[in-house]
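Let me begin by presenting the structure, written as structure tokens, before commenting on it.
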Amino acid sequence: MTAFSDLSHDLVDRIFTYVRDFGTLAALIRTSKTIYVVFEARPKSIVRAVAQNVIGDCDALPAATRLVRFQLTLNKYTLDYEGDDDDDTDNQRPKDPGPTEEDVLLAPLTRAEANLLEWHGPVVQELEDIFSWRNKDRASPKSTLTLAESSRFCSAMYRFWLYCEVHGPPEYWEDDEPQDFSQECANFFKAYVLDDIFDIARAADFIADLVAWCDGALGDPALATPPKDWFRCKSSMGPSAVLNDFKTISSSQPENAEAGFFWRAYESHIRTLKLDPKVCKERLTKAILTEVVGQHDTCFRCHAVQGINLYGATTWPLLRGQLCQTKLFARMPGNLGRNGGEKQQFLLSTNWGVFIGSQFDYTKMMDEIMDIHDDQEHIWQKDKWYCFQCVEQLMKERLWRWWRERKEQEGKPVLPNCWYGWNCRTMTHRPQHASKLNHLCKPTRGDDLTQPQPASGPTAHTLILLPAPTTDNAGA
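In the numbering used here, the protein residues as written are 526 to 1001.
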């Protein structure tokens, strides 16, 4: 049997290329003198190989390295000027992103740079999973991007992240300071070819889309929806902060978010290239991806072509961005949406709010709603795909029943039905009435009467005897 020490240095070097992180590398070089000797002879290439494994894409390593080196420069600047009130430190903030991607790997990686790469790698990989899920293949929460698409996405995300670090708004802004840096920022794009610029813009648009999703997941239907540019401004906090908001169902508020962040500079640079605006828009829409799975798929209920925007078993968690818990309750039939006590119970039960909102399982809720038996069972099926408008209709038809059953499962008392059911007006302004009777039921009296479904046993022609009127019902 050949001893490990007899292996060729080339073979040992090959083993190094499979090391997944720098912690494992540090442990490996201590296990054998042969391994240590090989590492000492080829440190630069081995560290680069491990760095490629850390970020998951070798072609994105130059962009990732450029980012971490600027961040370390920025950190050093911050430490040097921390607590210095005499100097105009914001104006002295470094703006040079450093060597180009062609030159950045000429210098070996330091330990500090390696540590940052290890921290950034999982962030970009998670963002790739979400990007693929929302833009390429709705059936898979894990990335199905091709190797070429993945490389383009990762490189673009690291480049946009670098833009956020270089041109992000300062911590403090004096009222009399000029705030139009579009031309200075536009110079950032001169280092990239046109295809790369569109990829960066697609990554920036994706981050703004996640910001908008987080805002929607926490939104209140009583509040106006901010314009799209607002979400683009907030994307200046960078990919890592936005990913954290997405995972925790929260919404960070960056200081001094610049109006037109990134896009003003991007459009300024594009104008210098004298490209047709329609062509630019089309190329931006198609950037990074070469194919979208199920691009022309239709809604099972209404047959509208919605493609990647359809909802189904794998995408129910994403529904929260369009229908947060407050908006869900607003889809209750009749006047239920104005029943304050019922709404409060609903929001508490579904963990609505910052940080705790992520504890509520939308997939489980939708599975339970799909399991409800009614005369529309042939339309609503777990393995089918539906557009948002049809999902809204499903909520109007079944959410009230799901909520009634959930209350019973939670041990809440079963109350007698109000004659006027969800159409009752008294429950909207008399809390005592709202809490004494159940309004999660179809009305049997009043305007816009909807006939109740016959109970199990009697036929549709069986006379249903109503209970004697009570004081509360009489006032409904």
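All residues carry an ideal CB built from backbone N, CA and C; glycine is no exception.
From a predicted model like this one, the values you see are computed outputs, not experimental measurements.
field: Exposure label - Asp-701; buried when at least 16 CB within 10 Å
entry: For this step, residue 701 is matched to residue 176 along the sequence shown. Here Asp-701 scores only 47 on pLDDT, less than 50, and its place in the model is too uncertain to base an answer on.
query: Taking Leu-940 as the reference, which of Asn-963, Asp-582, Asp-730 has the closest Cα?
result: Stepping through the sequence shown from its first residue, residue 940 is reached at position 415. Among Asn-963, Asp-582, Asp-730, the Cα nearest to that of Leu-940 is on Asn-963.
message: Residues in the same chain with beta-carbon distance under 6 Å from Arg-923, minus the five sequence neighbours each way, listed in chain order, please.
response: If you number the sequence shown from 1, residue 923 lands on position 398. If we look at Arg-923 and ignore the five residues flanking it on each side, its Cβ neighbours are Ile-894, Ile-897.
- request: Keeping to the same chain, check which residues put their C-beta closer than 7 Å to that of Ile-795; ignore five residues upstream and five downstream.
  value: Residue 795 sits at position 270 when you count from the first residue of the sequence shown. Here the set comprises Cys-805.
field: Distance between Phe-685 and Thr-969 (C-alpha atoms, nearest Å)
entry: The sequence position of residue 969 within the sequence shown is 444, counting from 1. The sequence position of residue 685 within the sequence shown is 160, counting from 1. About 59 Å.
query: Whole-angstrom Cβ separation of Glu-653 and Cys-679, contact assumed at under 8 Å?
result: The residue given as residue 653 occupies position 128 in the sequence shown. The residue given as residue 679 occupies position 154 in the sequence shown. Yes, Glu-653 and Cys-679 are in contact; Cβ-Cβ is about 7 Å, under 8 Å.
- prompt: Where does Thr-635 sit, in a helix, a strand or coil, going by DSSP?
  reply: On the sequence shown, residue 635 is found 110 positions in, with the first residue counted as 1. Reduced to three states, the DSSP call for Thr-635 is coil.
query: In chain order, what residues of the same chain lie with their CB nearer than 6 Å to the CB of His-534, ignoring the 5 residues before and after it?
result: Locating residue 534 in the sequence shown gives position 9, where the first residue counts as 1. Excluding residues within five positions, the ones whose Cβ falls inside 6 Å are Val-563.
message: Bridge partners for Val-572 per DSSP, in chain order?
response: Counting from 1 along the sequence shown, the entry for residue 572 is found at position 47. In the DSSP output, where bridge partners are listed per residue, Val-572 has none listed.
task: Tell me whether Ser-530 is buried or exposed, calling it buried when 16 or more other Cβ atoms sit within 10 Å of its Cβ.
output: As a first step, residue 530 must be located in the sequence shown, where it is residue number 5. It counts as exposed.
query: If you draw a straight line from the alpha carbon of Gln-831 to that of Asp-822, how long is it in whole angstroms?
result: Looking up residue 831 in the sequence shown gives position 306. Looking up residue 822 in the sequence shown gives position 297. Cα atoms of Gln-831 and Asp-822: separation of roughly 6 Å, rounded to the nearest angstrom.
- prompt: Which class does Asn-963 belong to by DSSP, given the choice of helix, strand or coil?
  reply: Here residue 963 corresponds to residue number 438 of the sequence shown, with the count starting at 1. Strand, per DSSP.
- prompt: Roughly how many angstroms lie between the CA atoms of Phe-723 and Leu-809, to the nearest whole one?
  reply: For this step, residue 723 is matched to residue 198 along the sequence shown. For this step, residue 809 is matched to residue 284 along the sequence shown. Their backbone Cα atoms lie some 5 Å apart in a straight line.
query: Taking C-beta to C-beta, are Ala-673 and Val-818 nearer than 9 Å?
result: For the purposes of this step, residue 673 is identified with residue 148 of the sequence shown, where counting begins at 1. For the purposes of this step, residue 818 is identified with residue 293 of the sequence shown, where counting begins at 1. Contact: no.
task: Would you please state the rounded distance, in angstroms, between the beta carbons of Leu-641 and Val-593? I believe it to be under 8 Å.
output: Working through the sequence shown from its first residue, we reach residue 641 at position 116. Working through the sequence shown from its first residue, we reach residue 593 at position 68. So it is a contact: roughly 4 Å between Cβ atoms.
- prompt: At what residues does the alpha helix (DSSP H) containing Pro-666 begin and finish?
  reply: Here residue 666 corresponds to residue number 141 of the sequence shown, with the count starting at 1. Per DSSP, Pro-666 belongs to no alpha helix (DSSP H) and is neither H nor E.
- prompt: Taking the C-alpha atoms as reference points, what is the distance between Leu-872 and Met-952?
  reply: Counting from one through the sequence shown, the residue named residue 872 turns up at place 347. Counting from one through the sequence shown, the residue named residue 952 turns up at place 427. Each residue's alpha carbon lies about 18 Å from the other.
- request: Compute the distance between the beta-carbons of Leu-848 and Val-736, then report whether it is under 9 Å.
  value: As a position in the sequence shown, residue 848 is number 323, starting the count at 1. As a position in the sequence shown, residue 736 is number 211, starting the count at 1. Cβ atoms of Leu-848 and Val-736: not closer than 9 Å.
Same chain, Cβ closer than 8 Å to Ile-554, five either side skipped, listed in chain order: Sequence index remark: in the sequence shown, residue 554 carries index 29 (1-based). Around Ile-554: Ile-560, Tyr-561, Phe-564.
task: Counting only the same chain and skipping the five closest in sequence on each side, list residues whose C-beta sits under 7 Å from that of Phe-595.
output: On the sequence shown, position 70 is the one that residue 595 refers to. Excluding sequence neighbours, Phe-595 sits near Pro-622, Gly-623, Leu-687, Glu-690, Val-691.
field: Nonlocal neighbours in the same chain, by C-beta distance under 7 Å from Cys-758, ignoring five residues either side
entry: By one-based count along the sequence shown, residue 758 stands at place 233. Cβ neighbours of Cys-758 beyond the five flanking positions: Ala-782, Glu-783, Ala-784, Phe-786.
task: Measure from the alpha carbon of Arg-789 to the alpha carbon of each residue in Gly-744, Lys-937, Thr-625, Ala-729, then state which is nearest.
output: For the purposes of this step, residue 789 is identified with residue 264 of the sequence shown, where counting begins at 1. The shortest Cα separation from Arg-789 among Gly-744, Lys-937, Thr-625, Ala-729 belongs to Ala-729.
- request: Can you give me the start and stop residues for the alpha helix (DSSP H) that Asp-720 sits inside?
  value: By one-based count along the sequence shown, residue 720 stands at place 195. 719 to 742 is the span of the alpha helix (DSSP H), which, as asked, contains Asp-720.
query: Rounded to the nearest angstrom, how far is the Cβ of Ile-904 from that of Arg-826, given a contact under 8 Å?
result: The residue you call residue 904 lines up with position 379 of the sequence shown. The residue you call residue 826 lines up with position 301 of the sequence shown. Ile-904 to Arg-826, Cβ: 5 Å. Contact.
task: State yes or no: is the C-beta of Ala-681 within less than 9 Å of the C-beta of Ala-812?
output: On the sequence shown, position 156 is the one that residue 681 refers to. On the sequence shown, position 287 is the one that residue 812 refers to. Yes.
- prompt: Say the cut is 8 Å; is the CB of Val-572 nearer than that to a heavy atom of the ligand FAD?
  reply: This structure lacks the ligand FAD; in fact it carries no ligand of any kind.
- prompt: For Asn-876, which three-state DSSP category applies?
  reply: Numbered from 1 along the sequence shown, position 351 holds the residue referred to as residue 876. The answer is coil: DSSP assigns Asn-876 none of H, G, I, E or B.
- request: Determine the contact status of Asp-538 and Asn-578, defining contact as a CB-CB distance below 9 Å.
  value: One-based indexing of the sequence shown puts residue 538 at position 13. One-based indexing of the sequence shown puts residue 578 at position 53. Going by C-beta atoms, Asp-538 is not nearer than 9 Å to Asn-578.
message: Residues in the same chain with beta-carbon distance under 6 Å from Asn-657, minus the five sequence neighbours each way, listed in chain order, please.
response: Numbered from 1 along the sequence shown, position 132 holds the residue referred to as residue 657. Per the sequence presented here, residue 657 reads as Ser, with Asn not at that position. Excluding positions up to five away in sequence, the list reads Ser-668, Thr-669, Leu-670.
query: Does the beta-carbon of Ile-1005 have 16 or more other beta-carbons within 10 angstroms, so that it is buried, or is it exposed?
result: Residue 1005 lies beyond the stretch modelled for the chain, which goes from 526 to 1001, so this question has no answer here.
- prompt: For Phe-771, which residues of its own chain have a beta-carbon under 8 Å away from its beta-carbon, when the five flanking residues on both sides are left out?
  reply: Within the sequence shown, numbered from 1, the residue matching residue 771 stands at position 246. Taken in chain order, the residues that qualify are Ile-655, Leu-735, Trp-738, Cys-739.
query: When DSSP labels each residue in this structure, what does Asn-942 get in the three-state scheme?
result: For the purposes of this step, residue 942 is identified with residue 417 of the sequence shown, where counting begins at 1. Note: Asn-942 maps to strand in three-state DSSP.
query: Taking the Cβ atom as the reference point for each residue, do Gly-1084 and Cys-966 lie within a distance shorter than 9 Å?
result: Outside the shown range of the chain (526 to 1001) lies residue 1084, about which nothing can therefore be said.
message: Within 10 Å of its beta-carbon, does Thr-851 have 16 or more other beta-carbons around it, so buried, or fewer, so exposed?
response: Position 326 of the sequence shown, counting from 1, holds the residue named residue 851. Buried.
query: How about Cys-912 and Tyr-791: are their beta carbons less than 9 Å apart?
result: As a position in the sequence shown, residue 912 is number 387, starting the count at 1. As a position in the sequence shown, residue 791 is number 266, starting the count at 1. Judged by beta-carbon spacing, Tyr-791 lies beyond the 9 Å limit of Cys-912, meaning their Cβ atoms are not closer than that value.
- prompt: Mind checking whether Ala-716 and Thr-625 have CB atoms under 9 Å apart?
  reply: Here the question's residue 716 lines up with position 191 in the sequence shown. Here the question's residue 625 lines up with position 100 in the sequence shown. In contact: Ala-716 and Thr-625 (Cβ atoms closer than 9 Å).
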